[in-house]
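The structure appears below as structure tokens.
Residue numbers (this note's numbering): 26 to 306.
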């Protein structure tokens, strides 16, 4: 049984680390804001420095907000003695940052997997995330017992960077689904259709999906507490564009989500894009 470390206990990282803890694996955690580590004190080791966690762990998971956060953490990690350790970054970042991190760790005789996830806070709590992995097969096999505490399935997509490629692609699609869903709800409302009725039609027809169903309660209640924040989707659309998603829909999506951010809707759930669209009447 290897010793596990987890860095980054935000909305997603906290329940993911909790699932590793619940499975009974020896766990150390670190978070920049220490209050998020308190409910790990009873069963796990709480570290006050990244160096301490890395020294105390064989496999280290990171779940961080963006490229800058990942760079900052791994800039502390790479100078350490990391030989033989495996790092699994589950953040959604650029392929460039991810692959550069992998190369830097391999020079230090450590291993790296990029393993971003599909799913928001509820699947993170339930351990039913879909994990997309890029890296060597032997490293994925080593990480698999721990990944399967967090996800219902793990899809190996190829070399380092391919997990990120899968995540950026699926989030590009989701950004279009959510904007389309919000516009459809507003359009049907203009035509006199009750929102709950329209959403039932969508979800019971060929146009329904897990994405539309999970956002239905928020739209019916007209309350948008963030499971996945609009600003995070904007980040991912911009990452997708920089990676080559240069299509007619790309510009429309970026414009909408950027304007929603500029108008102060960035902290709401991504389907809160409907509040911005309502201002365009």
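Ideal Cβ placement from N, Cα and C applies to all residues, glycine included.
| Item | Value |
| --- | --- |
| For residue 222, the first and last residue of its enclosing alpha helix (DSSP H) | 220-229 |
| Residue 157 versus residue 166 - alpha carbon distance | 14 Å |
| As assigned by DSSP and simplified to three states, the class of residue 160 | coil |
| Neighbourhood of residue 48 by C-beta distance below 6 Å, restricted to the same chain and skipping five residues each side | 174 |
| Start-to-end residues for the beta strand (DSSP E) that takes in residue 87 | 84-87 |
| Cβ neighbour criterion (16 or more within 10 Å) applied to residue 74 | exposed |
| Range covered by the beta strand (DSSP E) that runs through residue 52 | 52-55 |
| As assigned by DSSP and simplified to three states, the class of residue 291 | coil |
| According to DSSP, residues forming a beta bridge with residue 117 | Residue 117 is not bridged to any residue. |
| Limits of the alpha helix (DSSP H) - the one that residue 296 falls within | Counting along the chain, residue 296 falls outside any alpha helix (DSSP H), and DSSP gives it neither H nor E. |
| Exposure of residue 147, with buried meaning 16 or more beta-carbon neighbours within 10 Å | exposed |
| Extent of the continuous beta strand (DSSP E) to which residue 178 belongs | 176-183 |
| Rounded separation between residue 85 and residue 240 - CA only | 32 Å |
| Closest residue to residue 56 among 38, 283, 244 (Cα-Cα distance) | 38 |
| DSSP beta-bridge partners of residue 111 | 84, 136 |
| Minimum C-alpha distance to residue 91 - residue among 115, 105, 62 | 115 |
| Given 8 Å, three or more beta-carbon pairs between the region 234-251 and the region 272-280 | no |
| Assumed close pair residue 81, residue 30 - CB separation to whole angstroms, cut-off 8 Å | 7 Å |
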